[in-house]
Amino acid sequence: MDASTQVRDLVRAAAAGDPRGWDGLVERFAPLVWSTARAHGLSPGEAADAAQTAWLQLAERLDRFQDDQDRVGEWLAATARRESRRTLGAARGPGPGAPAAAGAGAAPAGEPEREALLWRIVRDLSEHCRRILRLLTTVPPPSHREVAAALGLRVAQVQPARATCLQEFRRRMADIGIKTTAGDS
Amino acid sequence: MSDDFNEELDTRGRDDDPLMEELRRAAGRFDPQPPAVLEAARASYSWRTIDAELAELAFDSVVDRPATTLRGGEGPRLLTFAAPGLDVEVEVSREGPRRRLVGQVVPPQTAQIEVHHGGGVEPVQADELGRFRAEGISAGPVRLRCRLGATPGGRPVVTQWVSI
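Sequence lines, in order, name chains A and B.
Going by the working numbering, the first sequence opens with residue 20, and the numbers climb by one from there.
Going by the working numbering, the second sequence opens with residue -8, and the numbers climb by one from there.
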């Protein structure tokens, strides 16, 4: 059974009242919803609310998927984006948890070992690249359509954005003297 | 190359860039989804309503008229939910971490309203002019479930969930 058939079955099961279908959708797509909210620069508390709002809306909408149940990931990503932007619109002005700081998680504490340094570089990228890379770090990996929906891009923009942003990322690694591959001596 | 082809590649998880692998590990370490968020997603299923009319969010002043909504939470936020033949208008004010809702059912009629929010369910009554108010509502996802006076035997109306 391929992935899209699995997703269809989960949506149908959830729509029919089976909580296991719902749990399957949550397991599969909760990381995407979280990543989308965080990529938009929401604080952890704001992202939690935006994420839950997206899931609550999905619960009401399960019956309305017709032949497009396999697109539920895109719907969730687009909804998480809409709710994130709504939150940003309603939020107070710049303060603690301002987007640049909130978008990529806590500053890693302690000795700047490699992964921590890489994460710091993500935080310092342009907003566009920070968002793209944050989405692409989601596990399980989102499809191009899901990334596009999460960030309001056209599907065709995703792969070039990934390439450009990774190139920029590597440039910054070189600037601060990090080897581009772990384990290089 | 069609989007469907890219779709297939994505589904097989073909992203063999070792740097992306490292970034995935970093994301998992430094910005993981909190367990409470995952649990709240699971629990959202229990809020599903089966036999109610859905009133969708038709207007949100922070989205649809941002220039007139004062940032910093000073002014009220205006929401309008619309179902066939019915609008529910809500003004949302911040009281620190809580919210006050002042609302209006249109066309004006009495209604028994439940405010579903993070703190539970708050029952309020709309008067014969359709006016209602609720205080001490938790910030976060909220919706209203309305039993309308004009159609006592009819289906309840539930609004779309929105985060306030």
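A virtual CB, placed ideally from N, CA and C, is assigned to each residue, including glycine.
Excluding the 5 residues preceding and the 5 following B/Q151 in the sequence, name in chain order all residues of the same chain whose CB lies nearer than 6 Å to its CB. Within the same chain, B/Q151 has close Cβ partners E47, L48.
Taking C-beta to C-beta, are A/L155 and A/V91 nearer than 8 Å? no
Taking contact to mean 3 or more Cβ pairs, one atom from each stretch, closer than 8 Å, check whether the segment 29 to 47 of chain B and the segment 167 to 185 of chain A are in contact. The segment 29 to 47 of chain B, when compared against the segment 167 to 185 of chain A, does not touch it at the 8 Å Cβ threshold.
What does B/P132 pair with, by DSSP beta-bridge criteria? Note: B/P132 is bridge-paired with B/S154 in the DSSP secondary-structure output.
Which term fits A/S103, buried or exposed, when burial requires 16 or more other beta carbons within 10 angstroms of its beta carbon? With 16 or more Cβ atoms within 10 Å of its Cβ, A/S103 is classed as buried.
Please list, in chain order, the chain E residues whose beta carbon lies closer than 7 Å to that of A/P38. Here chain E cannot be found, since the structure's protein chains are A and B.
At a Cβ threshold of 8 Å, is B/A31 touching chain A? yes
Using DSSP's beta-bridge definition, name the partner residues of B/D51. B/L70
Determine, using beta carbons only, whether A/V30 comes closer than 8 Å to chain B. no
If you reduce the DSSP assignment to three classes, tell me which class A/S62 lands in. coil
Reference A/A34; option with closest CA among A/R149, A/Q85, A/F48: Distances from the alpha-carbon of A/A34 to those of A/R149, A/Q85, A/F48 put A/Q85 closest.
Neighbourhood of B/S154 by C-beta distance below 7 Å, restricted to the same chain and skipping five residues each side: The answer, listed in chain order, is G131, P132.
Is A/S103 helix, strand or coil by DSSP? helix
B/G121 classed as buried or exposed, judged by whether at least 16 other C-beta atoms fall within 10 angstroms: A residue is called buried once 16 or more other Cβ atoms fall within 10 Å of its Cβ, and B/G121 is buried on that count.
Is there contact here, the segment 52 to 68 of chain A with the segment 153 to 169 of chain A, by at least three beta-carbon pairs under 8 Å? yes
B/S161 versus chain A: which residues are under 7 Å apart at the beta carbon? The structure shown does not extend to residue 161 of chain B, since chain B is modelled only from -8 through 155, so no value can be given for it.
Give the range of the beta strand (DSSP E) segment to which B/E82 is assigned. 77 to 86
If contacts are defined as beta-carbon pairs under 8 Å, then A/T157 and A/L51 qualify, I think. What distance do you get, rounded to the angstrom? Contact check for A/T157 and A/L51: beta-carbon distance about 5 Å, within the 8 Å limit, so the pair qualifies.
Ends of the beta strand (DSSP E) at B/I41? Where B/I41 is concerned, there is no enclosing beta strand (DSSP E), given that its DSSP letter is neither H nor E.
List the residues of chain B whose Cβ lies closer than 9 Å to the Cβ of A/P63, in chain order. D22, P25, V28
Using three-state DSSP, classify A/D21 as helix, strand or coil. coil
Using a Cβ cut-off of 8 Å (strictly closer), state whether A/L170 contacts chain B. no
How big is the Cα-Cα spacing for B/P9 and A/T200? If you draw a straight line from the Cα of B/P9 to the Cα of A/T200, it comes to about 7 Å.
Grab me the residues of B/V81's own chain with a C-beta within less than 6 Å of its C-beta, minus the 5 sequence neighbours each way, in chain order. L70, L92, G94
Supposed close pair A/A168, A/A96 - CB separation, criterion 8 Å: So it is a contact: roughly 4 Å between Cβ atoms.
Between the C-alpha atoms of A/I197 and A/E65, what's the straight-line distance to the nearest angstrom? 33 Å
Along chain B, in chain order, which residues have C-beta atoms closer than 7 Å to that of A/D42? Listed by position along chain B, the residues whose Cβ is nearer than 7 Å to that of A/D42 are R33.
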